[in-house]
Amino acid sequence: MTASSRPGGKRLPISCQACRTRKIRCSRDGRPCQTCVRRGLGAQDCVYLGQPRLSSENTLGTDSAVQTKLLARIRHLEDLLQKQTSSQLCDPHSPLVSPSLTGSFSDLDSAIGGVPAEYPRSPLLSCVGTLQTFASGHVRYLPLTSQWRASSGDSLPDINSEVPFDDDDVHFPSTGSAASRGELLAILPPSRYCDKLKDVYFRVFSPQFCHDPNSVTTAWISLLFIILAIAVTALHDDDPILSDLGRQRTVTRNMSVLSSRYRSAALRCLSADGVLSRHSINSLQSLILISYARIHHGLPTWTLLGFTHHVATSMGCHIDPDRFTLGPIEREERRRAWAGLTMLYTSQSITYGNLNPGPSFRGVQLPLDVNDVDLLTGTVSEPAPSPTQMTYLLLQHKLHSISSLITEALFTFPPRSPVAQLEIEILSVHEICERRYQLEPDSEPLPVHHLANLNILYSYIHQLILLLFRPALCRYLQGDITAETCIARAKCIASAKTSLAIHQTLHNSPGFASYTWYSSTLGSFHAFHAAVTLCAMLIYSDDQYESTEIKELLRKSLDVFTSISTRSNFCSKAVPVLRQLM
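Per the working numbering, the sequence shown starts with residue 16, numbered consecutively.
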C-alpha cells in the first residue's frame with residue numbers, strides 16, 4: 016500500500032504495536048521483533064500496521080505441510096524395515112540362521128526352557144540385527160542400523176564376504192609378529208604334562224565354558240594355552256611339572272615363568288587368528304581368561320579388558336542370545352562369556368575408582384545354573400538339587416553387583432542405596448549359599464571344589480560387610496559412641512574373625528592345597544583387611560577376654576602370611592606391617 020492510496024496520506028508507524036503500546040524501543044527486525052522475544056511474546060502478538068495478522072489458516076497450512084513430510088519419511092522407514100524383515104525371514108541363506116541348528120542341539124530348546132516370556136518370538140524378533148557366521152567359525156554381529164545404511168547407499172564393507180585373512184597391516188598389540196601354527200604348537204608342554212594341567216584346571220577352577228575338543232582352530236589353541244597358564248598356579252609346590260618345565264630355582268619363579276609363557280602364547284595365537292578383525296566364541300573366552308589370569312597376578316588389565324568388551328559387543332554378546340536363532344549350547348556360551356566379562360569389568364572399575372558401571376546385562380539373562388553335561392544331553396532341570404558348575408559363578412556375579420553398589424554408596428552423596436538395604440542383599444546371598452550348598456548335618460559331604468568355592472564366597476561376603484560398615488566403625492573409633500556405631504563395631508569384629516578363620520582353613524587343610532593360588536592372592540588381601548580391622552579394635556578394646564582372643568587369632572594369621580610369603584609378594588609385604596601393628 017502506497018502513501019497516496021492511504022486515507023489522508025498518513026505514514027504508518029515502523030514499530031510494532033506491542034512496543035508502541037508499551038512505549039518502548041522496538042528493534043524492528045521482523046515478527047516477532049527481538050524486544051517482543053525478550054518479553055515472551057510470539058509472532059501473533061507482534062503486529063505492524065499495514066501487515067496482516069498471522070491467521071490460523073496460515074498456521075494450519077504450515078503445520079499440515081510439515082506433517083505431510085514427516086508422514087512420508089515414516090512410510091519410507093517402514094518400507095525399509097519391512098523389506099529387511101522379509102528378506103531375513105524368507106532367505107534360507109540368511110546369516111541369522113546358526114549352523115548349530117542343523118544338528119541335534121535344536122531339539123534341546125524345550126528341555127532347557129525355550130524362549131523366556133520377556134522375549135516372545137515374532138517376525139520383528141530379528142530387528143536387533145543379525146549374526147553372521149562364517150565357515151572358519153568366526154562370528155560377526157550386524158546391527159540393523161548398519162543394514163539400513165546399506166539400503167540407503169552408504170559405503171559399508173561387503174557383509175556377505177568372508178572375513179579377510181590378508182589384513183597383515185595390524186597385529187594384536189604388544190605380541191610382535193604373528194607366529195606360524197607350528198611355532199605356536201611347539202610351545203605346548205609334552206602331552207603328559209598338557210593333559211595333567213588340563214585336568215588340574217577343570218578339577219580346581221571347574222569348567223566355565225563349553226568347547227568342542229574337535230575344533231582345533233588357532234583361537235581354540237589360544238584357549239588351551241590360557242587354561243595351562245591358569246592351571247600352573249594350582250599346582251602343589253613339590254609338583255615335578257614346575258621344575259621340569261620352568262627350570263627356575265624357586266617355586267614362585269617357576270610358576271611366574273610358566274604362567275607368563277603360556278599367557279604370551281595365548282596372545283600370540285589370538286594375533287595369528289587376526290583377533291582385531293575376526294572373532295569367535297573361543298577367542299572371546301580366551302581374552303576373558305587372559306584378563307582373569309592377569310588380574311590374579313596383579314598385572315595391568317584395564318586396557319585389555321576394554322578391548323575384550325568391544326570384541327564381545329562386535330559379536331553381539333550384549334544382546335540376549337534368545338533374540339537370535341541359536342542353539343542352547345551357543346546361547347549359554349554367550350551368556351557365560353558376558354557374565355564373566357561384566358564381573359571382571361566391575362572388579363577393575365572398583366579398583367580404579369571408576370564409579371561408571373561399564374557393561375551391564377541390559378536385558379541379557381544370566382547363565383543357567385546347570386552342569387555342562389546336563390546342557391549337552393538336554394536333561395536340564397532348574398533348580399538343581401545340588402550345586403552345579405555354574406552356581407559359584409552366579410553367586411560371584413551377584414556379590415560383584417553388590418560390591419559395585421557399596422562402592423557407589425561410600426563415594427557418592429547422598430547414597431542411592433541405604434546401608435540397611437545393602438546388608439539385606441548381602442545376607443540374602445549368604446542364605447542362598449547355605450541353601451544351594453546344603454549345609455545340613457545329615458546331608459552328604461560336598462566335593463572339595465564345592466567346599467573351596469563356598470569358603471571363597473563366604474570370604475567375599477565378610478569382606479563386603481567390612482566395607483559396608485567401615486564408615487560407622489571409623490566414627491566409633493573417633494569417639495562417636497552410639498547404638499549404630501556399636502552395632503557396626505560388633506558386626507565388623509565378627510566378619511573379621513570369620514574372614515581370618517576362612518583364610519587359615521584354606522591354607523592349613525591338605526584338601527585345599529590346590530587353592531593356594533587364591534589364599535596367596537585375593538584371599539590374603541581379604542584376610543589382611545580383616546587383620547588390620549582387628550588390630551584397630553585392640554587399640555580401643557576394654558574387654559580383656561576379647562583382646563586375648565583377637566591376639567591369638569592374629570598370631571595364627573601372621574603364621575599363615577609368613578608361610579605363604581615365599582609364594583606371594585603381597586604376603587611378603589604384609590608380614591612386616593602386621594608385626595608392627597601387633
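Cβ coordinates follow ideal geometry from the N, Cα and C atoms, glycine included.
Does the distance from the CB of valine 272 to the CB of leucine 302 come in under 8 Å?
no
Would you mind stating whether valine 590 and threonine 577 have Cβ atoms separated by less than 8 Å?
yes
Endpoints, the beta strand (DSSP E) within which glutamine 147 is located
145 to 148
For tyrosine 491, three-class secondary structure by DSSP:
helix
For a test of the three-state rule: what should DSSP assign to tyrosine 560, helix, strand or coil?
helix
Got a sec? Which residues, its chain only, sit under 6 Å from leucine 304 by beta carbon, not counting five neighbours each side?
Ile241
The alpha helix (DSSP H) that contains arginine 450, what's its start and end?
434 to 451
Short of 7 Å in beta carbon distance, which residues of its chain neighbour isoleucine 421, apart from the five on each side in sequence? Order them along the chain.
Leu437, Leu479, Leu482 and Leu483
Can you name the start and end residues of the beta strand (DSSP E) that leucine 257 belongs to?
Here leucine 257 belongs to no beta strand (DSSP E), and DSSP marks it neither H nor E.
I'd like to know whether the C-beta atoms of valine 444 and isoleucine 476 end up nearer to each other than 8 Å.
yes
For histidine 518 versus serine 534, is the C-beta distance shorter than 8 Å?
yes
Whole-angstrom C-beta distance between leucine 488 and alanine 503, which should lie under 8 Å
5 Å
Tell me which same chain residues have a C-beta within less than 8 Å of the C-beta of glutamine 380, skipping the five on either side of it?
Pro131, Asp335, Asp337 and Arg350
Continuous beta strand (DSSP E) stretch holding tyrosine 307: start and end:
Not the beta strand (DSSP E): tyrosine 307 falls in the alpha helix (DSSP H), residues 296 to 311.
What number of angstroms, rounded off, separates the C-alpha of threonine 50 from the C-alpha of aspartate 94?
47 Å
Bridge partners of tyrosine 277, per DSSP?
The partner list for tyrosine 277 (beta bridge, DSSP) is empty, contrary to what the question assumes.
With 16 as the cutoff for other CB atoms within 10 Å, does histidine 465 come out buried or exposed?
buried
For cysteine 61, collect the residues of the same chain with a Cβ closer than 7 Å to its Cβ; drop the 5 residues on either side in sequence, then sort them by chain order.
Cys31, Ala33, Arg46, Pro47, Cys48 and Cys51
Tyrosine 636 lies in the beta strand (DSSP E); which residues open and close that run?
With the chain covering 16 to 597 only, the question about residue 636 has no answer from this structure.
Could you name each continuous alpha helix (DSSP H) segment of 4 residues or more that falls completely within the segment 529 to 580, going from the start of the chain to the end?
531 to 534, 537 to 554 and 559 to 579
Suppose the cutoff is 6 Å on Cβ atoms and the five residues either side in sequence are ignored; what does the same chain contact list for glutamine 411 look like?
none
Compute the Euclidean distance between the alpha carbons of leucine 356 and glutamine 404, then round it to the nearest angstrom.
17 Å
Counting pairs of beta carbons, one from the segment 242 to 258 and one from the segment 269 to 283, are three or more of them closer than 8 Å?
yes
Thinking isoleucine 245 and alanine 308 are a contact (beta carbons under 8 Å), I'd like their distance in whole angstroms, please.
5 Å
For isoleucine 579, which residues of its own chain have a beta-carbon under 6 Å away from its beta-carbon, when the five flanking residues on both sides are left out?
Ser535 and Cys586
Rounded separation between proline 400 and arginine 451 - CA only:
8 Å
Rounded to the nearest angstrom, how far is the Cβ of serine 329 from that of leucine 319, given a contact under 8 Å?
Serine 329 to leucine 319, Cβ: 16 Å. No contact.
Measuring alpha carbon to alpha carbon, tell me which residue in Lys413, Tyr156 and Thr366 is nearest threonine 382.
The question names threonine, yet the displayed sequence has proline at residue 382. With distances taken between Cα atoms, proline 382 lies closest to Lys413.
Give a yes or no on whether the C-beta atoms belonging to arginine 485 and threonine 500 are separated by under 8 Å.
no
Restricting to Cα atoms, I'd like to know which of Leu212, Val592, Pro315 and Trp353 is closest to tyrosine 277.
Leu212
With a CB to CB cut of under 7 Å and the five nearest residues on each side skipped, what residues in its chain are close to leucine 469?
Cys448 and Tyr452
With 16 other Cβ atoms within 10 Å as the buried cut-off, status of alanine 511:
buried
Mind listing, in chain order, the continuous alpha helix (DSSP H) runs of no fewer than 4 residues lying wholly within the segment 376 to 420?
387 to 392
Beta carbon of leucine 285, beta carbon of serine 275: below 8 Å?
no
By the DSSP assignment, the alpha helix (DSSP H) with arginine 155 in it spans what residues?
Segment 154 to 157 is the beta strand (DSSP E) holding arginine 155; no alpha helix (DSSP H) there.
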